[in-house]
Amino acid sequence: MVIDATMKDQERKSAFSMYVLPEIEVLLRVAKTLTGRHSDAEDLVQDTMLRAFRSIDRFDGKHPRAWLLTIMRNAEINRHRKRRPELIKDPETTVAMLSNEPDHKGDPERVADGMLDARVAHMLASLPPLFRNAVELIDLDGLSYVEAGEVLGVPSGTVMSRVHRGRSRIRKYLIDNGIDFTKDEV
Amino acid sequence: MRLFSMVNMFMGTPAVASCRHAHKNVQGYLDGTLDDRNSKRVALHLETCRRCGLEADSYLAIKRSLASRVDVDVDAVQRIRAFGERFSIENDHLP
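Protein sequence lines correspond, in order, to chains A and B. Under my numbering, residues 1 to 186 are what the first sequence spells out, in order. Under my numbering, residues 1001 to 1095 are what the second sequence spells out, in order.
Here it is, written out as structure tokens:
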């Protein structure tokens, strides 16, 4: 009986190392998108890992990232229930985070890149959260549409539609604000 | 052009996408979510249509700009990894 328990424990540890530890970086990026704050993101990933460890016996070994993202979504929902509404991501923080523009003095091409990046960052932060989160999960965090659907709790087609509409708004904003895409290099 | 249209009538879906089709699918094309056939149709269209080609360029620039902002907190990754490795060894102490 004791031997069985030890074996089971070893299997859990081994499964955790195999399925969870390799996903830490992705989990942290997604958590940053969901929470908007580095410190909260770290807490959320730790909470996710703890929950994953507790339920790893029930995991079938298929699609560990999707499994972990679902756990993270539930953990985040639970976290929000306990939190004050003003802690929801502040667009200004996102702008500051995204717009730490490097110094491109003297290099016209890099100045143009810097302008584009700053405006993309500004518009991204101004998007409604529904679109912003979808764009961030795909274009910043590098998730697939199916994985992003797991995080947001919606079908992948819905994520795709939100991402396309979000990018389309960013593009319109850039054009309205004088970014010229007819040049060879943007 | 007329001959091309007639060939299309016999062959079914045109080999090259229309502007409307390209506009609708350009982001899916850049994301790699289109099937092979649609992807080829859009690619062929983008090669020959300046306006749609520029639209594709603009989305590519936006995607690159967003991807360049990825900021991995290496210290945080290490802390979390240490956390995971620790409690996978000492799970008797889990809360």
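Beta carbons are placed, not taken as given, at the ideal position from N, Cα and C, and that holds for glycine.
Own chain residues within Cβ distance below 8 Å of residue i, not counting five before or after
i: Arg169 of chain A; result: Met123, Leu127 and Phe131
i: Ile56 of chain A; result: Arg12, Ala15, Phe16, Tyr19 and Val20
i: Ala270 of chain A; result: No answer is possible for residue 270 of chain A: the residues shown for chain A start at 1 and end at 186.
Exposure of residue i, with buried meaning 16 or more beta-carbon neighbours within 10 Å
i: Leu174 of chain A; result: buried
i: Gly106 of chain A; result: Note on Gly106 of chain A: pLDDT 49, under 50, position unreliable in the model; the coordinate value appears next. Classification of Gly106 of chain A: exposed, given that the 10 Å Cβ count is below 16.
i: Glu1096 of chain B; result: As shown, chain B starts at 1001 and ends at 1095. That puts residue 1096 of chain B outside it, with no answer to give.
i: Asp1075 of chain B; result: exposed
i: Ser39 of chain A; result: exposed
i: Gly1084 of chain B; result: buried
i: Gly1032 of chain B; result: exposed
i: Gly178 of chain A; result: exposed
i: Ser1058 of chain B; result: buried
Nonlocal neighbours in the same chain, by C-beta distance under 7 Å from residue i, ignoring five residues either side
i: Ser1039 of chain B; result: Tyr1029
i: Leu27 of chain A; result: Val45, Thr48, Leu68 and Met72
i: Arg167 of chain A; result: Val135
Presumed contact (8 Å Cβ cut-off) between residue i and residue j, rounded CB distance
i: Leu50 of chain A; j: Met72 of chain A; result: About 11 Å; that fails the 8 Å criterion.
i: Leu137 of chain A; j: Thr33 of chain A; result: 6 Å
Proximal chain A residues relative to residue i, where beta-carbon distance stays under 7 Å
i: Tyr1059 of chain B; result: Arg167 and Arg171
Amino acids of chain B, ordered along the chain, whose beta-carbon sits closer than 7 Å to that of residue i
i: Val30 of chain A; result: Going along chain B, no residue has its Cβ under 7 Å from Val30 of chain A, so there is no contact; the nearest lies around 12 Å.
i: Glu25 of chain A; result: Val1072 and Val1077
Under 9 Å from the C-beta of residue i: neighbouring residues of chain A
i: Thr1048 of chain B; result: None at all; the shortest Cβ gap to chain A is about 17 Å.
6 Å CB neighbourhood of residue i in its chain, flanking five on each side removed
i: Gly1053 of chain B; result: Leu1046
Proximal chain B residues relative to residue i, where beta-carbon distance stays under 9 Å
i: Val120 of chain A; result: Ala1061, Ile1062, Ser1065, Leu1066 and Arg1069
Partner residues on chain A for residue i, Cβ-Cβ distance less than 8 Å
i: Arg1079 of chain B; result: Glu42
Query raised in the report: In the stretch 1062 to 1076 of chain B, which residues sit with their C-beta less than 8 Å from some C-beta in chain A, listed in chain order?
Result: Ile1062, Lys1063, Ser1065, Leu1066, Ala1067, Ser1068, Arg1069, Val1070, Asp1071, Val1072, Asp1073 and Ala1076
**Report entry** Chain-ordered residues of the stretch 136 to 148 of chain A with a beta carbon less than 7 Å from chain B
**Finding:** Taking 7 Å as the Cβ-Cβ cut-off against chain B, the residues of the stretch 136 to 148 of chain A that qualify are Asp139, Leu140 and Tyr145.
Query - Within 8 Å of chain B by C-beta, residues of the stretch 35 to 64 of chain A in sequence order - result: His38, Ala41, Glu42, Val45, Gln46, Met49, Leu50, Phe53 and Arg54
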